[in-house]
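In my numbering, the protein residues as written are 53 to 369.
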């Protein structure tokens, strides 16, 4: 199959490109490298079935002449850490455009190619949830004009655009709400697992925001890639929305202690003010993913952290 991966030089995107090539597909990666990193795909460039295009999908004159069977839309800044230059806090307009105009451009491309389309949404569409387990039919609790809104509302708009093409154009679409994903090649984007691992390995204080009693559900990258592939290959007319994530809920302070112990670090755990609109809880209901996609995560957090720590240890030696 001919596959386009928008945002393919990012963390999840690069792993997806690798997986698709492993299944003998022809893969085109398009990325403007605002938050993606060409180093993530450098080894793939040697593969004759892989092509990289440095282009912004949100341009009004966006156009690709290639034909595609599958289009994955993963193009968007994703880190909320304002102290990191690659965060969507520092690229708010670009984030909104990637998920609005960019989504429109890729949907038009899918329509013209009669291609299957997958939109990578986020658990952030649930905002700061008022329910302890988030199901796909929960409409969320999002601040529409807060500091995190370029990402939260961008993803919600992208979902609406995707479903509009499903209903109006009969396009075969699927929306995947990705919960916190971690693993090798995450890069220095300021998200919590990378922060904790790097701080622990270097002996720096491990920074916990608030009291650390907020929760997240961490899904290892291999499990996420499996879910994305299954979602795209699902037969039928599309039009479904499904959570992908690990339902094992972990408190942030617990994660910090876990990383410190697993790295044998002497780092002190320090506490800082909680960022604005930071969600208190995250736990996906994956019943639909089990039923519809026959998918659930298999990598326990201890195993995933070991692999992630081993990866980042190579850069701290």
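The beta carbon of each residue, even a glycine, is placed where N, CA and C say it ideally should be. Bear in mind the structure is a predicted one, so any value in this text is a computation, not a measurement.
Counted as a single uninterrupted DSSP element, the stretch harbouring residue 348 is not any beta strand (DSSP E), since DSSP gives it neither H nor E. Shown here for residue 248: same chain residues with a beta carbon closer than 6 Å to its own, the five before and five after excluded, namely 258, 308, 311 in chain order.
Uninterrupted beta strand (DSSP E) stretches at least 3 residues long and entirely within the segment 278–363 occur at 292–296, 301–303, 321–324, given in chain order.
Under the DSSP definition of a beta bridge, residue 55 partners with 79, 122.
Distance from the Cα of residue 195 is smallest, within the candidate group 269, 328, 278, for 328.
When secondary structure is reduced to three states using DSSP, residue 153 falls in the helix class. In this structure, residue 213 sits away from residue 122, with a CB-CB distance that is not shorter than 7 Å. When 189, 316, 243, 58 are compared, the shortest CA-CA separation from residue 107 is found for 58. Per DSSP, residue 183 has no beta-bridge partner at all. Classified as exposed, residue 191 has fewer than 16 neighbouring CB atoms from the shown chains inside 10 Å of its CB. Taking a contact to require three or more Cβ pairs closer than 8 Å, the segment 96–116 and the segment 76–87 qualify as touching. Relative to the Cα of residue 115, the nearest Cα in the group 305, 155, 132, 128 belongs to 155. In the three-state DSSP reduction, residue 248 falls in the helix class (H, G or I). Counting every other CB atom within 10 Å of its CB across the protein chains shown gives residue 322 a total below 16, marking it as exposed. Secondary structure note for residue 258: it is in no alpha helix (DSSP H), and the uninterrupted beta strand (DSSP E) holding it is 258–261. When the five nearest sequence neighbours on each side are left out, the beta carbons in the same chain lying within less than 8 Å of the beta carbon of residue 239 are those of 63, 89, 92, 138, 246, in order along the chain. Between residue 290 and residue 168 a beta carbon distance of about 7 Å is seen, short of the 8 Å cut, so the two are scored as contacting.
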